[in-house]
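Okay, so here's the structure we're looking at.
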Amino acid sequence: MKHTMQTGIAAALFAAPALFGVATPAGAQALSPDADAGSVTAAEPVEPSAAGKTRWTVGLGPALVPEYEGSDDYRATIFPVVRAQKDYIYGQLLGLRFRSNLINDPNWRLGPSMRWRRGYSDVSNKRVDDLNNREGSFEIGASGGYDFTFGKSAITAGMEFTQDVSGGHNGFVLTPALTYRGPLAPKWDFSINGDFSVASGGYMDHYFSVNSRDSRDSGLKEYNADADVKDTSFTVTIGYQFAEAWRLQMLGQYRRMLGDAADSPIVDDEGNPNNLFGGVIVSYTW
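Heads up: take any position in the sequence shown, counting from 1, add 258, and you land on the numbering used here.
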């Protein structure tokens, strides 16, 4: 059973390249939507702040995301961003997600990360909303990567690992990614990112299984989801530096649910394994 797309206002925000707090070519920035609905992941700029000074970035902008992983309904929500960077070291809060880098190096990145992952409460699909014990989860972990630079362009290989510490899904998610970033035209740049996520049995069971009680309460058929590669995504971001301190970014992502996640009745019967994300972001740096 399919459902209509909701409308609303959403937002996302700034930073710079793709998934794991890794660098981009000078001046280039990129954003990519995160796997779960209602969050956006930002990457970080390659150029360091002025020696000994801290550079701040704040921003806001509209975005539209699925209500949950594999949902056929969309919602809009607002994500502010706050980022502080000194040399190559930074910390960034984007919506309900925090990432950082503690290595003062132009190529290597490594630092702690944290995030809140939404549950299935208050979604439009009545059957999915009736599932039991699908609360959100607070995860902590680390992200890192390395930039291979050539001229004004860069290819980044990165990875992130997060583990639930709140008693939600009690599992982990591992996400490798590969990103290309480079200039497009004067004041314009772009990036393209590909990634996939491997989720533990605890994560998959929490978000995609349907036990006998769930089946009775929601009407969905019983289903057991095991540890698996749960999705893959491709993200394109175009950036425009329209003033010295102001930047506009436009992003789009296609995400495909895979394996046991795609076969779950939560996705296969009530949702859609093909998810789209989109957003427009404006940021200010000083």
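All residues carry an ideal CB built from backbone N, CA and C; glycine is no exception.
Opening and closing residue of the alpha helix (DSSP H) in which residue i lies
i	result
I524	523-526
S473	470-476
K384	384-387
N-terminal and C-terminal residue of the beta strand (DSSP E) that residue i is part of
i	result
G317	312-318
K479	Segment: none, K479 is in no beta strand (DSSP E) and carries neither H nor E.
K344	339-344
D453	446-457
Q350	347-352
Y542	532-543
V323	321-324
Q499	Counting along the chain, Q499 falls outside any beta strand (DSSP E), and DSSP gives it neither H nor E.
T420	411-422
V381	That residue, V381, is in no beta strand (DSSP E); it is neither H nor E in DSSP.
T335	Segment: none, T335 is in no beta strand (DSSP E) and carries neither H nor E.
N359	355-359
P441	430-443
Contact under 8 Å by Cβ, residue i with residue j
i	j	result
N482	S470	no
G536	L322	yes
G402	R439	no
F396	D422	yes
P441	M417	no
I552	F430	In the structure as shown, the chain starts at 259 and stops at 544, and residue 552 therefore has no counterpart that could be examined.
Y547	P324	The structure shown does not extend to residue 547, since the chain is modelled only from 259 to 544, so the question has no answer here.
D486	M462	yes
G452	F492	yes
A520	E327	no
Straight-line gap, residue i to residue j (C-alpha atoms, nearest Å)
i	j	result
W374	R514	22 Å
P531	L516	8 Å
Q507	V316	14 Å
Y346	D405	13 Å
L533	G409	A small correction: the amino acid at residue 533 is Asn; Leu does not occupy that position in the sequence shown. Distance between the alpha carbons of N533 and G409 is about 34 Å.
P291	V540	Low confidence applies to P291: its pLDDT is 42, below 50, so where it sits in the model is not reliable, and the reading given next is rough at best. The straight-line gap from Cα to Cα measures roughly 15 Å.
P444	S411	14 Å
D526	Y465	13 Å
F419	S371	9 Å
G310	W504	22 Å
D330	Q343	38 Å
R376	V494	24 Å
P523	Y542	43 Å
A400	T407	23 Å
L478	D484	18 Å
Supposed close pair residue i, residue j - CB separation, criterion 8 Å
i	j	result
W446	Y498	6 Å
R341	W314	7 Å
G394	G425	Not quite, the Cβ-Cβ distance comes to about 11 Å (not below 8 Å), so this is no contact.
R385	G369	Contact flag wrong, Cβ pair sits at about 40 Å.
L436	A415	6 Å
Checklist entry - Counting Cβ pairs, one atom from each stretch, are 3 or more of them under 8 Å apart for the segment 377-388 and the segment 354-368? => result Short answer: they don't touch.
Item to check | Validate contact between the segment 451-462 and the segment 474-481 using beta carbons, cut 8 Å, 3 pairs | outcome: no
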